[in-house]
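Residue numbers (my numbering): 3 to 212.
Below is one structure, written out as structure tokens, with a few remarks after it.
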């Protein structure tokens with residue numbers, strides 16, 4: 003009696019994202035931003051406070067944020083009110099504002115001994131690394147959100163990028179402004195990024211009387 007050739011039975015590997023929240027990361031709410039700022043100020047953690055503040059203001063991807071150079075934000079003895087860089091992903095320029103509180107925190111960070119003669123705004127702690135890595139930045143973001151009781155699986159570096167534009171969109175409904183601030187080439191990308199749905203569009207329409 004012949005037996006059919008049966009496929010080998012293999013143990014299934016657990017999915018890479020088992021137990022993780024996948025998809026878009028949530029933006030921080032204003033109360034979350036202030037809670038993290040207060041904690042960093044109390045701890046006198048000047049580097050992380052400056053990094054956190056500029057991450058919120060600049061709305062940059064992590065890969066661009068960690069590569070910022072002092073000259074990108076500092077000129078003529080002061081921190082610029084507006085700055086511009088070329089995005090790594092699109093090779094297109096994007097401009098961003100640097101608010102007064104952020105400028106003060108950057109100036110304070112630049113007084114630290116580690117910044118003496120540094121070309122990069124967030125220098126690495128080891129000589130072979132010019133600046134902090136995106137992995138280090140992601141770890142810091144996790145520490146920030148968990149320090150105020152948030153679930154770190156729901157937030158990430160893109161939360162920092164989305165925070166200010168999400169707030170701008172909620173207040174104004176201006177997608178074009180958000181597109182420019184994020185440096186998106188297509189409006190569709192901005193719509194997907196913000197998670198704009200029909201309910202959002204209807205709410206905006208209902209608020210407008212003609």
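Glycine included, every Cβ here is placed at the ideal spot set by N, Cα and C.
None of these values were measured; they are calculated from a predicted model.
*Inter-stretch contact (C-beta, 8 Å, three-pair minimum) for the segment 78-93 and the segment 143-151*: No: fewer than three Cβ pairs fall under 8 Å.
*Exposed or buried, which one is residue 36 when buried takes at least 16 other CB atoms within 10 Å?*
Your numbering for residue 36 matches position 34 in the chain shown. By the neighbour-count rule (16 or more Cβ atoms within 10 Å), residue 36 is not buried but exposed.
*Would you check if there are 3 or more beta carbon pairs closer than 8 Å linking the segment 52-70 to the segment 119-128?*
The segment 52-70 makes contact with the segment 119-128, as at least three CB pairs between them are under 8 Å.
*Do residue 69 and residue 161 have their CB atoms nearer than 8 Å?*
Locating residue 69 in the chain shown gives position 67, counting from the first residue. Locating residue 161 in the chain shown gives position 159, counting from the first residue. The answer is no: Cβ separation not under 8 Å.
*Distance between residue 34 and residue 138 (C-alpha atoms, nearest Å)*: Taking the first residue of the chain shown as 1, we reach residue 138 at position 136. Taking the first residue of the chain shown as 1, we reach residue 34 at position 32. Whole-angstrom Cα-Cα distance: 21 Å.
*Which word fits residue 58, buried or exposed, when buried means at least 16 other C-beta atoms lie within 10 angstroms of its C-beta?*
For this step, residue 58 is matched to residue 56 along the chain shown. Residue 58 counts as buried, since no fewer than 16 other beta carbons sit within 10 angstroms of its beta carbon.
*When the distance is taken between beta carbons, is residue 140 closer than 8 Å to residue 159?*
Locating residue 159 in the chain shown gives position 157, where the first residue counts as 1. Locating residue 140 in the chain shown gives position 138, where the first residue counts as 1. Between residue 159 and residue 140, the CB-CB gap stays under 8 Å.
*Do the CB positions of residue 29 and residue 164 come within less than 8 Å of each other?*
Taking the chain shown and counting its residues from 1, one reaches residue 29 at position 27. Taking the chain shown and counting its residues from 1, one reaches residue 164 at position 162. Taking C-beta atoms as the reference points, residue 29 and residue 164 count as a pair closer than 8 Å.
*Have a look at residue 76 and residue 134 and give me their C-alpha separation to the nearest angstrom.*
Indexing the chain shown from 1 puts residue 76 at position 74. Indexing the chain shown from 1 puts residue 134 at position 132. Taking the straight line joining both Cα atoms gives about 19 Å.
*Return the chain-ordered list of same chain residues with a C-beta closer than 8 Å to the C-beta of residue 24, the five sequence neighbours on each side being excluded.*
The residue given as residue 24 occupies position 22 in the chain shown. Confidence in residue 24 is poor, its pLDDT being 47 and thus under 50, which makes the residue's placement too unreliable to answer from.
*Just confirm the distance between the C-beta atoms of residue 56 and residue 108, as a whole number of angstroms; I'd bet it's less than 8 Å.*
Your numbering for residue 56 matches position 54 in the chain shown. Your numbering for residue 108 matches position 106 in the chain shown. 7 Å between Cβ atoms; contact.
*Which ranges would you report for the alpha helix (DSSP H) in the segment 93-166 if only whole runs of at least 4 residues count?*
Complete alpha helix (DSSP H) runs here, min 4: 102-112, 136-149.
*asked:* Residues in the same chain with beta-carbon distance under 7 Å from residue 104, minus the five sequence neighbours each way, listed in chain order, please.
replied: Position 102 of the chain shown, counted from the first residue, corresponds to residue 104. Cβ within range, chain order: 55, 56, 59.
*Label residue 174 either buried or exposed according to how many other C-beta atoms from any shown protein chain fall within 10 Å of its C-beta, with 16 as the threshold for buried.*
If you number the chain shown from 1, residue 174 lands on position 172. With fewer than 16 other Cβ atoms inside 10 Å of its own Cβ, residue 174 counts as exposed.
*Paired residues, beta bridge with residue 81 - DSSP*: As a working mapping, residue 81 is identified with position 79 in the chain shown. Answer is 76, bridged to residue 81.
*In three-state DSSP terms, what is residue 173?*
Taking the chain shown and counting its residues from 1, one reaches residue 173 at position 171. Residue state, collapsed to three classes: helix.
*asked:* On the CB-based measure, 16 or more other CB atoms within 10 Å of its CB, does residue 44 come out buried or exposed?
replied: The count along the chain shown starts at 1 and reaches residue 44 at position 42. Counting Cβ neighbours within 10 Å, residue 44 comes out exposed, since fewer than 16 surround it.
*CB residue 196 to CB residue 61, shorter than 8 Å?*
Indexing the chain shown from 1 puts residue 196 at position 194. Indexing the chain shown from 1 puts residue 61 at position 59. Cβ distance not < 8 Å, so residue 196 and residue 61 don't count as in contact.
*Using DSSP with H/G/I as helix, E/B as strand and the rest coil, what is residue 90?*
What you label residue 90 is simply residue 88 of the chain shown in a count that begins at 1. Coil at residue 90, not helix or strand.
*To the nearest angstrom, report how far apart residue 42 and residue 127 are at their CA atoms.*
Residue mapping note: residue 42 aligns to position 40 of the chain shown, counting from 1. Residue mapping note: residue 127 aligns to position 125 of the chain shown, counting from 1. Whole-angstrom Cα-Cα distance: 20 Å.
*Label residue 119 either buried or exposed according to how many other C-beta atoms from any shown protein chain fall within 10 Å of its C-beta, with 16 as the threshold for buried.*
Along the chain shown, one-based indexing puts residue 119 at 117. Residue 119 comes out exposed.
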